[in-house]
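Residue numbers (my numbering), protein chains in the order written: chain H, 463 to 811; chain Y, 28 to 115. Worksheet for the structure shown next.
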Amino acid sequence: MRPRRRQPAAPQIVRRLRTAAPGGRTVFLVHPGALPADVHRALAAALPEGSGLTVLDLSAVPEYFDAALAGGRADTTLEALAAKLRAEFEALPEGPVHDGRPYVLAGWSFGGVLALEMARQMSEGRRPRRLVLLDSIAPTQAYQQPDEALDPPLLLGWFAMYLGAKRQRRIRVFASRLAGHSAEDGLLQVLDAAVAAGALSPDTPMPGLRKLYDTYVDGLLRNNRLTAPYRPGPAHAPIVLIKAEGSLIPEDPTLGWEELAPHGLELHTAPGDHYTMLARQDSAEMIARLVGVVDNPAVDNPAVDNPAVDNPAVDNRAVGDSRGGDSRADDSVAEFCPPTVPASRDRVG
Amino acid sequence: MAAVTAKEAQDWLIDKIAHRLGVSSDQVSPEQYFDEFDLDSTEALILAGELESWLGFEIGTTALWYHPTTKDLAAYIAEESEQRAAAS
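Structure follows, in structure tokens:
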């Protein structure tokens, strides 16, 4: 290991994971961190030939990223973060300002909320034709929760899901066994399960795992606090919501978006959980089909098997559910067995 | 707790990194940038938590960014540790 004298490169907001061929369309996606932006390479590979994928990585914004490492309080607002991403987006040569063609703006998790706000801030001619949200929870009052509502059993379950996705292992923890336990007791359960799954080394120290957990939770709290004062109006474009089969709120069909979707809401379910839906090939292929639809879905993409595609007039309602696979398939890499009735709703990024 | 010296902090860090990487300590240079080790962010945070437990105080995870080599971080830790020891 010979030392090399170089300063680590500063992270970049704009990440071009795939460059479109001349004349090809580029999909834009807002990524909120938690996982590296490279996780979207599965989607990039699944897009049709000639397509591009440009990711706007929110974790490259210092005031956002640092907040997860310093107590979960960001010294900024959701609107300001969206404005920063929008400025980068509008400067892209492959973006709508220069390209001028209709496009789709997507966002994963908290990134979907940022995508909504970016689109709201854009002038009419620059707005996306559709918003595609990947397991994002709507920033509406009904779906907001105070920090105290995020209790350890719920957070530990999500943390196990996250850790499983990071280490590409299936980590089995059960909400019923986490219930009533403190974070410390629950972390011991997660540690045992993670070691058993080969996701963590057997000599992983508890203070180390606690640091990882605390940082994860601070990231959630940061997003929760950024969303708390945010009161968006409705979206200016139709919304396509792709829930993960193992979503953070598995039993909720719309994650609250009907209230913000006067131009229509399409619902789809992708295989995997909140995190693995991004890296799984079956899920990425499904997402690729849906982000590839720019205009009239029935014309552009007849392969999409959703009732809303056949009936675009259906709007502002839960319109159906196209299941893209089975989250218990062998290539699933994380597993959290949630309670029957989740106690809370939060934004995770 | 007595103040931790830069040498002690550096030796501790190198020992832990070498263990994680499965190499001997003399193969880990104190001037190498953290992002050049094959440690992912999960391992880096676990290491940070273990370090804080050893030190008995939080160093702030952003310190790993602002002090991106073992040598730099060890110097920072020694300075923090001395200030805390003097204040106690």
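All C-beta atoms in this analysis are idealised placements derived from N, C-alpha and C, irrespective of residue type, glycine included.
- Counting Cβ pairs closer than 8 angstroms, one from the stretch 677-692 of chain H and one from the stretch 594-610 of chain H, do we hit at least three? Three or more Cβ pairs drawn from the stretch 677-692 of chain H and the stretch 594-610 of chain H lie within less than 8 angstroms of each other, which places the two stretches in contact.
- Item | Cross-strand partners of H/Glu-728 (DSSP beta bridge) | On the first sequence, residue 728 of chain H is found 266 positions in, with the first residue counted as 1. DSSP output for H/Glu-728 lists H/Val-702 as bridge partner(s).
- Item | From H/Arg-487, H/Leu-518, H/Leu-505, residue whose alpha carbon lies closest to that of H/Ile-475 | Numbered from its first residue, the first sequence carries residue 475 of chain H at position 13. Comparing alpha-carbon positions, the option among H/Arg-487, H/Leu-518, H/Leu-505 lying closest to H/Ile-475 turns out to be H/Leu-518.
- Buried or exposed: where does Y/Lys-34 fall if 16 or more other Cβ atoms within 10 Å of its Cβ makes it buried? Reading the second sequence from its first residue, position 7 is the one you call residue 34 of chain Y. When all chains shown are included, Y/Lys-34 counts as exposed.
- Supposed close pair H/Gly-587, H/Leu-491 - CB separation, criterion 8 angstroms: In the first sequence, the residue the question calls residue 587 of chain H occupies position 125. In the first sequence, the residue the question calls residue 491 of chain H occupies position 29. Not really, about 21 angstroms apart at Cβ, beyond 8 angstroms.
- Item | Members of the stretch 712-741 of chain H that neighbour chain Y once the beta carbon cut-off is set at 9 angstroms | Listed in sequence order: no entries.
- Item | With 16 other Cβ atoms within 10 Å as the buried cut-off, status of Y/Ser-51 | Residue numbering aside, residue 51 of chain Y sits at position 24 when the second sequence is read from its first letter. Y/Ser-51 should be labelled exposed.
- Message: With a threshold of 7 angstroms between beta-carbons, can Y/Ala-75 be considered close to chain H, or not?
- Response: Sequence index remark: in the second sequence, residue 75 of chain Y carries index 48 (1-based). Chain H places a beta carbon closer than 7 angstroms to that of Y/Ala-75, counting this residue as a contact.
- Message: Can you give me the C-alpha to C-alpha distance between H/Pro-813 and H/Glu-556, rounded to a whole angstrom?
- Response: Residue 813 of chain H lies beyond the stretch modelled for chain H, which goes from 463 to 811, so this question has no answer here.
- Query: For the stretch 585-600 of chain H against the stretch 645-653 of chain H, are there 3 or more C-beta pairs whose distance is under 8 angstroms?
  - Reply: Not touching, per the Cβ criterion.
- Query: Roughly how many angstroms lie between the CA atoms of Y/Ala-30 and Y/Tyr-60, to the nearest whole one?
  - Reply: As a first step, residue 30 of chain Y must be located in the second sequence, where it is residue number 3. As a first step, residue 60 of chain Y must be located in the second sequence, where it is residue number 33. Straight-line Cα distance between these residues: approximately 25 angstroms.
- Message: I'd like to know if the stretch 596-605 of chain H and the stretch 621-637 of chain H are in contact, where contact means that at least 3 CB-CB pairs between them fall below 8 angstroms.
- Response: Touching, no, given that fewer than three Cβ pairs across the two stretches are closer than 8 angstroms.
- Query: Where do the N-terminal and C-terminal ends of the beta strand (DSSP E) with H/Leu-567 fall, by residue?
  - Reply: The residue labelled residue 567 of chain H in the question sits at position 105 within the first sequence. From DSSP, the beta strand (DSSP E) with H/Leu-567 extends over 566-570.
- Determine the burial state of H/Glu-713: buried for a count of at least 16 other Cβ atoms within 10 Å of its Cβ, exposed for fewer. The residue labelled residue 713 of chain H in the question sits at position 251 within the first sequence. By the neighbour-count rule (16 or more Cβ atoms within 10 Å), H/Glu-713 is not buried but exposed.
- How big is the Cα-Cα spacing for H/Leu-674 and Y/Gly-76? On the first sequence, residue 674 of chain H is found 212 positions in, with the first residue counted as 1. On the second sequence, residue 76 of chain Y is found 49 positions in, with the first residue counted as 1. For H/Leu-674 and Y/Gly-76, the distance between alpha carbons rounds to 8 angstroms.
- Straight-line CA distance for H/Phe-551 to H/Val-489? The residue given as residue 551 of chain H occupies position 89 in the first sequence. The residue given as residue 489 of chain H occupies position 27 in the first sequence. Straight across, the Cα-Cα distance linking H/Phe-551 with H/Val-489 is about 12 angstroms.
- Item | Pick from H/Ala-482, H/Val-523, H/Ala-553, H/Pro-494 that is closest to H/Pro-506, judged by C-alpha positions | Residue 506 of chain H sits at position 44 when you count from the first residue of the first sequence. Contrary to the premise, residue 506 of chain H reads as Ala rather than Pro in this sequence. If we check each option's Cα against that of H/Ala-506, H/Ala-482 comes out closest.
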